[in-house]
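**Q** One structure follows; several queries about it will come next.
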Amino acid sequence: MATVYGDTTGLRRSLLTALENVYQLNIPRGQPITKEVAEALADLTRQTKREIAIYINRQGQITAVAIGTNHTVPLPDNIGRRSRLSGIRCIHTHPNGDSQLSTVDIASLKTMRFDIMAALAVSDNAVGPVSFGFLAGQENGDLSVQTVGPVSLAEFIEIDFSYLTQQIERSLASSTTTVDKSQPERAILVGVDWPQQQWNITDSLNELAQLAATAGAQILATVWQKRERPDATFFIGRGKVEEISLMRQSLGADLVIFDDELTPAQQRNLEKVIGVKILDRTALILDIFAQRARSHEGKLQVELAQLRYNLPRLGGQGLVLSRLGGGIGTRGPGETKLEVDRRRIRARINEIEQQIDTIRKHRSLHRQRRQESRLPNVALVGYTNAGKSTLLNALTNAGVLAENKLFATLDPITRRLMLPGGSEVLLSDTVGFIQKLPHQLIAAFRATLEEVTEADLLLHVIDGSHPRYQKQSEAVFNVLRELGADTKPVITVFNKIDRLENANAVERLLRHENSVAISALTGQGLPELIDKIVAFTQKFVTTLQLLVPYSDSGLLSTFYNIGTVQNVDYLEDGIKVEVALPADLATKYSQYMIRS
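Numbering-wise, the sequence shown is residues 910 to 1505 according to the working numbering.
So this is what it looks like as structure tokens:
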């Protein structure tokens, strides 16, 4: 059945039939077009006042017919591509009477590698002149285009098309055809400003640009739209989708990234219309996590989150598949590849969940041993790129990777921190938070985030130099609330004050309750932070003066293990010990206390 591509709504049946009949026309091999075909396209263009495009193979057969607007026409998705030329030429009309190729025409020629891209000017009384372009060579993956025209329709028809395509093929073969795969993907960013959006759209898109750059993309343009609510079909309006499609072609973008999570249907609809890979914020963050994961546990958690994200995006029979399993009636050729893919993903999810559960149990044992040591546990939490890893390095010389990138480290790290007076705490670095943190990640990283839920004290690290640090702080507390850790004691640590030029800004930050201003990079303010940690840990310990008989001298080794021994004197009637012990153990040794 002859298919007319593009928006055919509103066309009279007679016009639609006339467009379908174009498929019956043939062009002699070696000839770009015939006068009959050109006049048929011109007549249809005058009646519809819209662009008409045909796609012709080298045998002269019309493989696709499309109708567009008064200034552009869509690309059908059934056009094949080759490493050099596609073997298809695109000839389309320009209703405005100007045959010059547009930037979108040139971009489509490069993207689809057409044999030629030709535009026929259509006026009220004539068809022509004609302008056309073709690929002239390639260097380091960058295609160049040569344009010809305007020429008359008669001159265009007389071109030896077979000879022209042979010359183009030779030119491409002799040029450097190796594409540099290290080149970043070229992306367009898209956002929607709607009433329930908690962040300013500009700030949110700026952060999306940071995420995209972290993932390795090159940002070509940023687009946003104000709406009352996201569109159910495309998330953005249909007109904005067409605008992005044109922008994508003219800029040569191969990726469009949305600032919110898309439904599977929205993602499929957008990819069909725009014609390139569509990602949302969730998929972008998952990609960054996949790049950053280093440990076996981290890789498992990222894979689990990706599988949970991708499972509903496998189009197909929906809930019917949930009835399938590995048993009678489900084996053999009756099961489609989609169903197999779904079953394999579900099986892999179960397998990973079991492995993570085993890791969680091991981590619980380690945590139990740490708890038996009676050392207070302090967890670093904060927005991504706030400087948590830099602070851990500054306090403990941990040697953790610290980069000016989002999600530079994923795997939790725990180190001992020696405090003044000889006491110790355990300091744990955790994964950074971000606004719109995907629920798949919170679920997958729950074992890791247990370090937060089990901590005695949270150091909430905030980038004090960031213009929207309040919003970032709210995003952190939203995640802490979801983890059930929002009621824990918190010291607010405003980091990166070395970037603040105004001293009044530091004073303003310190108005927050139980806060300290530091620069983890330069060391400024670290003594004040340690003093606050010491003040907090004093709630956990009690300093005792004990006199231990020589018959119980074995207690000394116990004191060294569970507390901080500050002084030991060997007297005639026993060993005098000054020791800081956990408060809950103090009464256990009350019999040895020296009464004043």
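Glycine is no exception: its CB is placed at the ideal position from the N, C-alpha and C atoms.
Going by Cα to Cα distance, which pick from 1180, 1385, 1362 is closest to residue 1372?
**A** Comparing Cα-Cα distances from residue 1372 to each of 1180, 1385, 1362, the minimum goes to 1385.
**Q** Measuring straight from C-alpha to C-alpha, what distance separates residue 1409 and residue 1374?
**A** Roughly 6 Å between the two C-alpha positions.
**Q** Could you pull out every unbroken alpha helix (DSSP H) segment of at least 4 residues lying fully inside the region 1364-1416, listed in chain order?
**A** 1378-1392, all fully within the region 1364-1416.
**Q** When the Cα of residue 1037 is compared with those of 1045, 1043, 1028, 1044, which residue comes out closest?
**A** That would be 1028, whose Cα lies nearest to the Cα of residue 1037.
**Q** Taking buried to mean at least 16 other C-beta atoms within 10 Å of its own C-beta, is residue 1302 buried or exposed?
**A** Its Cβ being crowded by 16 or more others within 10 Å, residue 1302 is buried.
**Q** Could you compute how far the alpha carbon of residue 1013 sits from the alpha carbon of residue 1094?
**A** Going from the Cα of residue 1013 to the Cα of residue 1094 covers about 19 Å.
**Q** Apply the 10 Å Cβ neighbour rule to residue 1165 and answer buried if 16 or more other Cβ atoms are within range, or exposed otherwise.
**A** So residue 1165 counts as buried.
**Q** With 8 Å as the threshold, decide whether the Cβ of residue 1406 is near any Cβ in chain C.
**A** Within the model displayed, chain C is absent; a lone protein chain is all it includes.
**Q** Determine the contact status of residue 966 and residue 996, defining contact as a CB-CB distance below 8 Å.
**A** Yes, the Cβ-Cβ distance between residue 966 and residue 996 is below 8 Å.
**Q** Given this structure, state the Cα-to-Cα distance separating residue 1407 from residue 1289, to the nearest angstrom.
**A** Rounded to whole angstroms, residue 1407 to residue 1289 spans 20 Å at the Cα level.
**Q** First and last residue of the beta strand (DSSP E) that includes residue 1119?
**A** Note, residue 1119: premise wrong, no beta strand (DSSP E); alpha helix (DSSP H) at 1110-1124.
**Q** Could you tell me whether the Cβ atoms of residue 1040 and residue 1010 are closer together than 8 Å?
**A** For residue 1040 and residue 1010, yes; Cβs fall inside 8 Å.
**Q** According to DSSP, simplified to helix, strand and coil, what is residue 967?
**A** In the structure shown, residue 967 sits in coil (DSSP, three-state: anything other than H, G, I, E or B).
**Q** With C-beta atoms as the reference, is residue 1129 less than 8 Å away from residue 1160?
**A** Contact: yes.
**Q** So residue 1024 and residue 998 are in contact, right, with Cβ under 8 Å, and what is the actual spacing, rounded?
**A** Residue 1024 to residue 998, Cβ: 4 Å. Contact.
**Q** Rounded to a whole number of angstroms, what is the C-alpha to C-alpha distance between residue 931 and residue 946?
**A** Their backbone Cα atoms lie some 8 Å apart in a straight line.
**Q** List in chain order: all unbroken beta strand (DSSP E) runs of 3+ residues lying wholly within the region 1417-1477.
**A** Runs of the beta strand (DSSP E) inside the region 1417-1477: 1424-1426, 1450-1457.
**Q** Once you ignore the five residues that flank residue 1483 on each side, which residues in its own chain have a CB closer than 7 Å to its CB?
**A** So the list reads 1456, 1457, 1458, 1459, once near-sequence residues are dropped.
**Q** Looking at residue 1000 and residue 942, is the spacing between their C-beta atoms short of 8 Å?
**A** Yes, these two residues count as a Cβ contact at 8 Å.
**Q** Helix, strand or coil for residue 1167? Go by DSSP, reduced to three states.
**A** It is a strand residue.
**Q** For the alpha helix (DSSP H) that contains residue 1305, what are its first and last residues?
**A** Looking at the DSSP string, the run of the alpha helix (DSSP H) that includes residue 1305 is 1297-1305.
**Q** Using the C-alpha atoms, what's the distance from residue 1294 back to residue 926?
**A** Cα to Cα, the separation comes out at about 60 Å.
**Q** Let me know if residue 1183 comes out buried or exposed under the rule of 16 or more other beta-carbons within 10 Å of its beta-carbon.
**A** Flag for residue 1183 reads buried.
**Q** Closest to residue 1138 by C-alpha separation, out of 1132, 1489, 1146, would be which residue?
**A** With distances taken between Cα atoms, residue 1138 lies closest to 1146.
**Q** Between the region 1359-1368 and the region 1204-1222, do at least 3 Cβ pairs fall closer than 8 Å?
**A** No, the region 1359-1368 is not in contact with the region 1204-1222.
**Q** Excluding the 5 residues preceding and the 5 following residue 1358 in the sequence, name in chain order all residues of the same chain whose CB lies nearer than 8 Å to its CB.
**A** Excluding sequence neighbours, residue 1358 sits near 1339, 1340, 1351, 1392.
**Q** In chain order, what residues of the same chain have a beta carbon less than 6 Å from the beta carbon of residue 1389, not counting five sequence neighbours either side?
**A** The answer, listed in chain order, is 1395.
**Q** Are the region 1322-1330 and the region 1436-1443 touching by the rule of at least three beta carbon pairs closer than 8 Å?
**A** Taking 8 Å as the limit for Cβ pairs, the verdict is that the region 1436-1443 does touch the region 1322-1330.
**Q** Could you compute how far the alpha carbon of residue 1405 sits from the alpha carbon of residue 1336?
**A** Distance between the alpha carbons of residue 1405 and residue 1336: 20 Å.
**Q** Would residue 949 be called buried (16 or more neighbouring beta carbons within 10 Å of its own) or exposed?
**A** Per the 10 Å Cβ criterion, buried.
**Q** Using a Cβ-Cβ cut-off of 6 Å (strictly less than) and excluding sequence neighbours within five positions of residue 944, which residues of its own chain qualify?
**A** Result list for residue 944: empty, nothing under 6 Å.
**Q** Start and end of the alpha helix (DSSP H) containing residue 1019?
**A** Unbroken alpha helix (DSSP H) run through residue 1019: 1012-1021.
**Q** Whose CA, out of 1488, 1215, 1305, lies closest to the CA of residue 1190?
**A** Among 1488, 1215, 1305, the Cα nearest to that of residue 1190 belongs to 1215.
**Q** Does the contact criterion of 3 or more C-beta pairs under 8 Å hold for the region 1063-1079 versus the region 933-941?
**A** Contact between the region 1063-1079 and the region 933-941 is present, because at least three Cβ pairs lie under 8 Å.
**Q** Using the DSSP secondary-structure output, state which residues sit across from residue 1262 in a beta bridge.
**A** BP columns for residue 1262 are empty, so no partner.
**Q** Put residue 1092 into one of helix, strand or coil per three-state DSSP.
**A** If DSSP states are grouped into helix, strand and coil, residue 1092 belongs with coil.
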